Amino acid sequence: MLSAWLLLTALVHPAHAGVPPDDESAGKRIYREGMLPSGEPLRGTLQNGVELSGSAAACAVCHRRSGLGGGEGQNSVRPIAGRLLFAPALIQSSSDQASPAQASSARTRPRYTLDALARALRDGVDPSGRLLDALMPRYRLNDDEVRQLAAYLQQLAPRQAPGVTGSEIHFATVIAPGVKPTQEKAMLDVLQAFFAAKNGGTRQEQRRREIGRNVTGSEQMYRAYRKWQLHVWRLRGQPESWPAQLQDYYREQPVFAVLSGIAAGSWQPVHEFCERNEVPCLFPNIGFPAVAQTGYSSFYFSRGAVLEAEVLAKHLAGGVVGRDNNIVQVFRDDASGRAPAQALRAALRQRGIDTVVDRPLSGSVPVPESFWIRLLDGDRPETLILWLNDADIAKFPLQREVPLSLHGLYVSGSLVASPERLQQVGGWIGRVRCVDQLEQAGLRTQHMTRMNTWLRARNVLLADEHIQANTFFAAGIAGDALAHMDENFSRDYFIERIEHMTGQSLFHSVYPRLSLGPGQRFASKGGYVTGCMLKGGHRAALQSNWIVP
Numbered sequence: 029m030l031s032a033w034l035l036l037t038a039l040v041h042p043a044h045a046g047v048p049p050d051d052e053s054a055g056k057r058i059y060r061e062g063m064l065p066s067g068e069p070l071r072g073t074l075q076n077g078v079e080l081s082g083s084a085a086a087c088a089v090c091h092r093r094s095g096l097g098g099g100e101g102q103n104s105v106r107p108i109a110g111r112l113l114f115a116p117a118l119i120q121s122s123s124d125q126a127s128p129a130q131a132s133s134a135r136t137r138p139r140y141t142l143d144a145l146a147r148a149l150r151d152g153v154d155p156s157g158r159l160l161d162a163l164m165p166r167y168r169l170n171d172d173e174v175r176q177l178a179a180y181l182q183q184l185a186p187r188q189a190p191g192v193t194g195s196e197i198h199f200a201t202v203i204a205p206g207v208k209p210t211q212e213k214a215m216l217d218v219l220q221a222f223f224a225a226k227n228g229g230t231r232q233e234q235r236r237r238e239i240g241r242n243v244t245g246s247e248q249m250y251r252a253y254r255k256w257q258l259h260v261w262r263l264r265g266q267p268e269s270w271p272a273q274l275q276d277y278y279r280e281q282p283v284f285a286v287l288s289g290i291a292a293g294s295w296q297p298v299h300e301f302c303e304r305n306e307v308p309c310l311f312p313n314i315g316f317p318a319v320a321q322t323g324y325s326s327f328y329f330s331r332g333a334v335l336e337a338e339v340l341a342k343h344l345a346g347g348v349v350g351r352d353n354n355i356v357q358v359f360r361d362d363a364s365g366r367a368p369a370q371a372l373r374a375a376l377r378q379r380g381i382d383t384v385v386d387r388p389l390s391g392s393v394p395v396p397e398s399f400w401i402r403l404l405d406g407d408r409p410e411t412l413i414l415w416l417n418d419a420d421i422a423k424f425p426l427q428r429e430v431p432l433s434l435h436g437l438y439v440s441g442s443l444v445a446s447p448e449r450l451q452q453v454g455g456w457i458g459r460v461r462c463v464d465q466l467e468q469a470g471l472r473t474q475h476m477t478r479m480n481t482w483l484r485a486r487n488v489l490l491a492d493e494h495i496q497a498n499t500f501f502a503a504g505i506a507g508d509a510l511a512h513m514d515e516n517f518s519r520d521y522f523i524e525r526i527e528h529m530t531g532q533s534l535f536h537s538v539y540p541r542l543s544l545g546p547g548q549r550f551a552s553k554g555g556y557v558t559g560c561m562l563k564g565g566h567r568a569a570l571q572s573n574w575i576v577p
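Residues in the sequence shown are numbered from 29 upward in steps of one, following my numbering.
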């Protein structure tokens with residue numbers, strides 16, 4: 029919300045002791061949601077007369093949730109977190125491209141007070157009398173609302189976030205029950221090697237920090253080095269008991285973020301814990317992220333089979349099937365099965381295809397061969413889609429001749445761990461398709477060279493490429509983000525750096541491309557339709573280009 033040329037300063041405003049909690053919470057709603065304490069929407073007007081209201085007028089839209097700024101096109105949006113706002117700052121140039129002569133003549137603007145903040149918000153004038161940038165709306169706020177907003181701004185961007193001390197930064201990884209010991213070890217081996225390498229590279233930084241304090245201008249350079257500490261949070265029992273276990277772990281040792289993690293089933297309690305405590309959670313190893321789609325603190329690689337359903341719908345509607353095509357989809361009548369089935373039906377309907385027949389499976393008994401024979405002979409599908417796992421397709425009658433009516437059989441790459449089960453001679457080999465989000469085998473081998481070299485150098489065995497690559501990415505992107513944060517250990521700022529840097533990473537794990545933007549929490553945005561498995565584990569030629577639904 030404040031001027032695009034408010035410059036970053038290291039000066040700190042005195043702590044906001046004595047601020048009533050209701051003021052801070054009211055200011056939080058104004059800042060994040062654009063909602064006034066009265067229940068009315070926040071309103072502002074740009075200099076060109078455009079009216080903003082509610083969430084569109086919220087301060088966080090431009091200044092981000094951290095209050096540490098961002099960008100609007102070619103314009104910089106400067107920090108307004110309290111310790112930076114309520115202190116003097118250099119006034120240089122609205123473009124941040126000042127010449128040496130301009131820089132030498134830069135002056136200091138006075139710190140913001142409540143009265144100065146009110147004037148800036150209402151009239152667009154800063155404490156030195158300069159007009160604020162044209163991007164800065166003029167807001168209709170009374171004195172109480174200005175005070176409430178100031179109370180919230182004062183606590184933004186603290187110097188020490190939970191889990192951060194002057195010499196250490198603490199992280200956790202979460203291991204849910206039911207994970208195979210080999211998978212758990214594959215993840216932990218990478219994390220432990222990463223932390224050891226990180227700490228080994230900064231072993232001398234404490235000494236450098238002490239030396240730096242005696243050199244003008246050097247303290248800021250050296251004080252951000254901290255030892256990384258990893259805490260393994262093992263969960264036990266049923267998911268209903270996990271929230272209390274996680275809260276106990278967190279109470280015993282607060283952590284700045286959760287890195288990676290692994291689960292064989294539900295991840296929802298971990299997701300809810302991280303959202304409730306505003307703990308960033310980076311890219312856990314979970315097969316199907318059946319989690320809330322509106323979270324803020326948690327990042328995931330993919331929406332799993334739901335994304336594959338949307339990819340498949342776009343592929344089919346692109347000329348593979350007609351409007352009257354007989355499409356049959358088979359799925360388990362549980363969360364992991366219903367979600368992609370519903371997504372496929374909805375995506376096809378949007379494209380004018382409403383001929384999908386559902387065949388849900390109840391219980392957990394493996395699907396017998398007789399079921400498949402009845403389905404093929406009775407439904408006579410032209411397109412058959414299986415949202416099933418390896419056990420459920422084990423009895424599919426591939427020994428039978430392909431029905432003349434069937435043009436394509438599709439399986440989910442995220443649900444079927446071994447599509448090579450469908451490798452057969454005869455007519456089926458030309459009909460089987462896999463909807464896949466992962467890098468294709470040949471390119472993936474090249475892409476994994478960096479990680480494999482890193483693992484060998486640290487005597488870590490390549491045991492599970494998928495898990496180890498995901499874990500390596502999660503730890504690496506955390507390190508990259510922190511390296512660009514200086515002393516601003518704000519979790520919100522950390523999240524904003526993750527959003528910005530994910531698409532810039534040279535390593536994309538087992539995915540061909542990953543990217544994030546503000547508010548996005550799933551990094552893989554598309555997939556391929558490929559042929560069935562051939563010898564050596566390689567899939568046949570692609571049946572589609574990269575599809576983003």
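Glycine included, every Cβ here is placed at the ideal spot set by N, Cα and C. Keep in mind it's a predicted model, so treat the numbers as computed, not measured.
Asked	Found
Counted within 10 angstroms of its Cβ, other Cβ atoms place leucine 344 as buried (16 or more) or exposed	buried
Nearest-angstrom Cα separation, counted from serine 543 out to serine 518	22 angstroms
Test item: CB-CB of leucine 403 and valine 384 under 8 angstroms	no
Status (buried if at least 16 other CB within 10 Å, exposed otherwise) for serine 330	buried
Proximity test, valine 153 beta-carbon vs the ligand HEM heavy atom, cut-off 7 angstroms	You won't find the ligand HEM in this model; it holds no ligand whatsoever.
Collapsed DSSP secondary structure at valine 334 in the structure displayed	helix
Expected contact under 8 angstroms - CB spacing of glutamate 306 and serine 325 to nearest Å	6 angstroms
Contacting residues, own chain, Cβ-Cβ under 7 angstroms from glutamate 212 (five flanking each side not counted)	Ile203, Ile290
Status (buried if at least 16 other CB within 10 Å, exposed otherwise) for glycine 194	exposed
Cut-off 8 angstroms between Cβ atoms - residues of its own chain near alanine 491, not counting five sequence neighbours on either side	Thr210, Lys213, Ala214, Asp217
Sequence-distant residues of its chain with Cβ nearer than 7 angstroms to glycine 206 (five each side left out)	Ala292, Gly293
Candidates Ser269, Leu376, Val283, of which the one nearest proline 297 by Cα	Ser269
Closest Cα partner of histidine 259 within the set Gln266, Ser288, Tyr253, Pro267	Ser288
Sub-8 angstroms separation of arginine 300 and proline 271 beta-carbons	Correcting the residue identity first, residue 300 is glutamate in this sequence and not arginine. The answer is yes: Cβ separation under 8 angstroms.
Reference arginine 472; option with closest CA among Glu493, Thr481, Ala485	Glu493
For asparagine 417, three-class secondary structure by DSSP	coil
Cβ neighbour criterion (16 or more within 10 Å) applied to proline 165	buried
Under the three-state DSSP convention, the category asparagine 313 falls into	strand
Where the alpha helix (DSSP H) containing valine 89 begins and where it ends	88-91
Serine 390 versus aspartate 420: straight-line alpha-carbon distance, rounded	12 angstroms
First through last residue of the beta strand (DSSP E) which encompasses tryptophan 256	255-262
Threonine 499 to alanine 333 span [Cα, whole Å]	21 angstroms
Residue span of the alpha helix (DSSP H) that contains proline 615, given as start and end	Because the chain here runs from 29 to 577, residue 615 falls outside it and cannot be looked at.
For tyrosine 140, the three-state DSSP class (helix, strand or coil)	coil
Residue closest to phenylalanine 199, alpha-carbon to alpha-carbon, out of Arg262, Ala146, Pro282	Pro282
Assigned exposure category for tryptophan 256 - 16 Cβ within 10 Å defines buried	buried
Cα-Cα separation, glycine 436 to glutamate 196	56 angstroms
Exposed unless 16 or more other CB atoms sit within 10 angstroms - verdict on alanine 422	exposed
Beta-bridge pairing of methionine 63 - partner residues as DSSP gives them	Pro69
Selected residue, minimal CA-CA separation from glutamine 474, among Ser442, Arg175, Ser537, Glu524	Ser537
Limits of the unbroken beta strand (DSSP E) element including serine 81	79-81
Within 8 angstroms, strictly: CB atoms of proline 425 and glutamate 467	no
Same chain, Cβ closer than 7 angstroms to alanine 86, five either side skipped, listed in chain order	Tyr59, Arg60, Glu61, Gly62, Leu70
Option nearest valine 78 by Cα separation, candidates Leu96, Glu515, Tyr167, Thr141	Tyr167
For histidine 512: DSSP bridge partner residues	Beta-bridge pairing links histidine 512 to no other residue.
Whether arginine 93 touches aspartate 464 by CB criterion (8 angstroms)	no
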